[in-house]
Structures are given as structure tokens and as C-alpha cells.
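The sequence shown runs -21 to -1, 1 to 168 under mature numbering (1 follows the signal peptide of the UniProt record, and there is no 0). Glycine residues also receive a C-beta, built at the ideal position from the N, C-alpha and C atoms. Because the structure is a prediction, the values reported are computed rather than measured.
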Amino acid sequence: MRSLFSIIITICFAASTPANATVMEFKRDGTMTVYPAVDALSFKRHAKFVSPSIPADIPADIDSIVEMASEKYGVSADLIHAMIQTESDYDVFAVSNKGAMGLMQLMPETAKEYGVIDPFNAASNVDAGTNLMSSLLKKYNSDTRLALAAYNAGTGSVSKYNGIPPYKETIEYIGKIEKNLGWQIDSKL
């Protein structure tokens, strides 16, 4: 009886002792920050997923531009990086065969609508592209896949098909973003 009591007390004591856990944040510049993880929410607050598909050698100025746009518009920096990787592969001077320009491949009308004078200016381009993505996320109730479909094919196409248009380019675009993020997009990101 005494040993059973000892076992129960030991189990209760062990269960009430906080677990020691650590959260490691790996940054694109190769550094790592270690945080004590008190609970699951602590992990969510401190951990930042960094995709192995997104290059670690992103120029610091572009990374800081992305971070500023992320904070300004409330769009995940990882999503912005995945979009840039997919759209232009970090080529500030990229031009598509359809005339989209810069890091986030702004069409001339979109650049004009968002007040971009020089679409090859990284800060202006990322600011406008992130602003557009933020608007699309709001329009589609934070459904990242629909917002990406609209970014790629336009809101008219998403409305016409009442969802992701069956265009090969758009489906592949969303797939590339998911690959660059390193995981599949749920409905919300």
C-alpha cells in the first residue's frame, strides 16, 4: 500500500512539474536564436518557419523590405518571400512575357493603381505587391489559395469560377508557392 502511495505521489509530482523545452528560430542569414518554450503559444509567438526552398542568401536589403511590408500590411513574410521566389526568383529587373515587372511581377495597370513609378525599385514593388496581396486576403476572408489565385489570374477569374480557376498556370503557381513555403497551404495562412 505504501509503495502504491509513493508511485501516485511521484506521478502527480512529475505531472505538475513544467516541461523544459526550447524553441529555436533559424534566420535566413544562418544565425539562430534560442527561446525557452513555456507553452505551445510561446512556440507560435517565437518560431518562424523558414523554408529550405527559399534561398538563405537573400540580400539583406530585400529581406528588410519584405519584413517592413509584412509588418505594414499583415502578410506573412514567408508568404511574401515564397511569392517573390515564384514570381521573379529575386530578380529585381525581371519582366514576364505578359509585361509583369519586378520582384512581385506587377502588371503595368497594377503598378499604376498602387502609385508605383518605378516597378524595378524593390521597395516600391514589394510594398505594392504586398498591399495587393493584403487586399486579396481580406477580400477572400484570409483564404490564401484564393488570394494567390486572384494575384495570378485576377479577381474576375476567381469570381467567374467561384474558386480557383482551372488554368494550368494558376494551379502550378499555387503549387510553386506551396513548394517554396515548404508545406501545403491550408485555406488560411
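Unbroken alpha helix (DSSP H) run spanning residue i, endpoints
i	result
residue 95	From DSSP, residue 95 is part of no alpha helix (DSSP H); its letter is neither H nor E.
residue 135	134 to 140
residue 117	101 to 118
residue 48	39 to 52
residue 57	56 to 67
residue 159	147 to 160
Assigned exposure category for residue i - 16 Cβ within 10 Å defines buried
i	result
residue 68	exposed
residue 39	exposed
residue 87	exposed
residue 81	buried
residue 110	buried
residue 159	buried
residue 122	buried
residue 144	buried
residue 138	exposed
residue 192	Nothing about residue 192 can be reported from this structure: the residues present for the chain run from -21 to 168 only.
residue 1	Confidence is the limiting factor: at residue 1 the pLDDT is only 46, short of 50, which leaves the residue's position unreliable and the question unanswerable from this model.
Proximal residues to residue i (C-beta, below 6 Å), its chain only, five neighbours per side dropped
i	result
residue 152	131
residue 56	45, 46 and 49
Of the residues the options, the one placed nearest residue i, counting alpha carbons only
i	options	result
residue 70	156, 84 and 43	84
residue 149	122, 158, 42 and 129	129
residue 47	103, 144 and 147	103
Other residues of its chain near residue i: CB distance less than 8 Å, five sequence neighbours each side excluded
i	result
residue 156	58, 61, 62, 65, 127 and 164
residue 113	52, 53 and 54
residue -3	Note on residue -3: pLDDT 48, under 50, position unreliable in the model; the coordinate value appears next. Same-chain partners within the cutoff: there are none.
residue 136	128, 129, 144, 146 and 149
residue 118	126, 129 and 134
CB contact below 8 Å: residue i versus chain C
i	result
residue 94	The displayed structure is made up of one protein chain only, and chain C is not part of it.
Beta-carbon gap between residue i and residue j smaller than 8 Å
i	j	result
residue 44	residue 95	no
residue 73	residue 90	no
residue 101	residue 41	yes
Contacting residues, own chain, Cβ-Cβ under 7 Å from residue i (five flanking each side not counted)
i	result
residue 115	126, 129 and 130
residue 93	107, 110 and 111
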